[in-house]
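*Asks:*
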Amino acid sequence: MSCLGFAVLFGGGVAWLVGAHAAGTVRPPLFRASCAALATLLATLGALTWLQVQVWRDNDSLWTHAMIATPECSICHDNYGAAIINRERKAPGETLIAIEHFVRALMLKPDREKPYGGLGLALLQLNRPGDAEAALRRATAKFPTETGMLNNLGMALHQQGRFEEAVPFLRRAVALNERNVVVRANLARALAGLGRYDEALAEFRSAAEEQPFAVEPRIGLVLVYRDMGNVVEMRKQLTILRQLHPDAAREIVARHDL
């Protein structure tokens, strides 16, 4: 977009040059020299466009470039860390790299609370829920209506076995985004952890109705029925899980000896 004005000017110049040459007002030597100059300009613009595309190719390239250009940019380090932890697949050690960038973002701007949210999620991914809790409490205090942060704080408490404390945060997250089946399934898991199976089943069923092919509520239904001792319903839900997500079903059977 930054080259749009030059492109319009270039197009106008070409049109004028061709018209002038056809009318005989521009002599052949000047026409050839002008064409060569325009070709050089076009190649330069093309190279600049290609370089810009490399920067804007994806979040990683964009924020990598931004950090190199402005190494003291807190937002750049924060967003680069977020790009890492949101990858579906990460190489070993990449989560630690993300943590380094979140810490750097906080060092540059100690009054910014948002990097605490990313830091908390990264610590959760490293199975450090206690450390994650501290970061996420600070983040949710500043951003009390951020569904993701509330969910992650609930999960940090859940992973520590503090189900009673987790439920209010997860309920708030569900209230903010009722169609988010992952958050609703996490709430159901916390309720199941408290032995409140009827409430857990209601949340899992609601999530499954919202997104019938989502894996989280299907797994939850299998495990809740197992905990309730309802073998018939457990097997029924396990059959559905096998049909929809065979890999997840095999993992659940192996992990829980079903």
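Quick note: the sequence shown uses our numbering, first residue 2, plus one each step. Note that the Cβ used here is the ideal one computed from N, Cα and C, for glycine as well. What you are looking at is a predicted structure, and each value in this text was computed from that prediction instead of being measured.
1) Rounded to whole angstroms, what is the Cα-Cα separation between E165 and E200?
2) Kindly indicate which residue of A249, L259, A215 has the alpha-carbon position closest to the one of V233.
3) For H159, report the span of its alpha helix (DSSP H) as first-last.
4) Going by Cα to Cα distance, which pick from N231, L224, M229, G230 is closest to E252?
5) Can you list, in chain order, the stretches of the alpha helix (DSSP H) that have 4 or more residues and sit fully within the stretch 112 to 196?
6) Could you give the first and the last residue of the continuous alpha helix (DSSP H) run that contains L259?
7) Compute the Euclidean distance between the alpha carbons of A167 and M229, then round it to the nearest angstrom.
8) Whose C-beta lies closer than 8 Å to the C-beta of C150 among residues of the same chain, with five residues either side of it excluded?
9) If you draw a straight line from the alpha carbon of E179 to that of R185, how long is it in whole angstroms?
10) Identify which residue in N181, A123, Q244, R219 has its Cα closest to the Cα of T148.
11) So for F214, helix, strand or coil by DSSP?
12) To the nearest angstrom, how far is it from the Cα of L127 to the Cα of T41?
13) As a quick exercise: from H257, A106, P169, A133, pick the residue whose alpha carbon is nearest that of L195.
14) Just the C-alpha distance for L222 and N231, rounded to the nearest angstrom, thanks.
15) Can you give me the Cβ contacts of A189 inside the same chain, cut-off strictly under 6 Å, excluding the 5 residues immediately before and after it?
16) At the level of alpha carbons, what is the spacing between D248 and K110?
17) For Q244, count the other beta carbons within 10 Å of its own beta carbon; 16 or more makes it buried, fewer makes it exposed. Which is it?
18) What are the start and end residues of the alpha helix (DSSP H) that includes K261?
19) Terminal residues of the continuous alpha helix (DSSP H) containing A99?
20) Reducing DSSP to helix, strand and coil, say where T71 ends up.
*Replies:* Considering the structure as presented:
1) Your numbering for residue 165 matches position 164 in the sequence shown. Your numbering for residue 200 matches position 199 in the sequence shown. The alpha-carbon atoms of E165 and E200 are separated by roughly 14 Å.
2) Reading the sequence shown from its first residue, position 232 is the one you call residue 233. Taking only the C-alpha atoms, the option nearest V233 is L259.
3) Within the sequence shown, numbered from 1, the residue matching residue 159 stands at position 158. Its alpha helix (DSSP H) spans residues 148 to 160.
4) Along the sequence shown, read from residue 1 onward, the residue named residue 252 stands at position 251. The option with the nearest alpha carbon to E252 is L224.
5) 115 to 126, 130 to 143, 148 to 160, 164 to 177, 182 to 194
6) Start at 1 with the first residue of the sequence shown, and residue 259 comes out as number 258. Judged by DSSP secondary structure, L259 falls outside any alpha helix (DSSP H); it is assigned neither H nor E.
7) One-based indexing of the sequence shown puts residue 167 at position 166. One-based indexing of the sequence shown puts residue 229 at position 228. If I take the Cα positions, the gap works out to 21 Å.
8) As a working mapping, residue 150 is identified with position 149 in the sequence shown. The question names Cys, but residue 150 in the sequence shown is Met. Excluding positions up to five away in sequence, the list reads G118, G121, L137, A140, T141, F144.
9) Counting from 1 along the sequence shown, the entry for residue 179 is found at position 178. Counting from 1 along the sequence shown, the entry for residue 185 is found at position 184. Rounded to whole angstroms, E179 to R185 spans 8 Å at the Cα level.
10) Along the sequence shown, read from residue 1 onward, the residue named residue 148 stands at position 147. Comparing Cα positions, the closest option is N181.
11) Position 213 of the sequence shown, counting from 1, holds the residue named residue 214. Looking at F214 - three-state DSSP - the assignment turns out to be coil, as it is neither helix nor strand.
12) Counting from one through the sequence shown, the residue named residue 127 turns up at place 126. Counting from one through the sequence shown, the residue named residue 41 turns up at place 40. Computed Cα separation, rounded: 52 Å.
13) Position 194 of the sequence shown, counted from the start, is the residue given in the question as residue 195. L195 has its Cα closest to that of P169, out of H257, A106, P169, A133.
14) Residue mapping note: residue 222 aligns to position 221 of the sequence shown, counting from 1. Residue mapping note: residue 231 aligns to position 230 of the sequence shown, counting from 1. In a straight line, the C-alpha of L222 is about 11 Å away from that of N231.
15) In the sequence shown, the residue the question calls residue 189 occupies position 188. Contacts found: A201, E204, F205, G221.
16) Taking the sequence shown and counting its residues from 1, one reaches residue 248 at position 247. Taking the sequence shown and counting its residues from 1, one reaches residue 110 at position 109. C-alpha separation (whole angstroms): 44 Å.
17) Within the sequence shown, residue 244 is the residue found at index 243, counting from 1. Exposed: under 16 other Cβ atoms inside 10 Å.
18) The shown model of the chain, from 2 to 259, leaves out residue 261, and the question about it has no answer.
19) In the sequence shown, counting from the first residue as 1, residue 99 sits at position 98. Where A99 is concerned, the enclosing alpha helix (DSSP H) stretches over 95 to 109.
20) For this step, residue 71 is matched to residue 70 along the sequence shown. DSSP places T71 in coil when its eight states are reduced to three.
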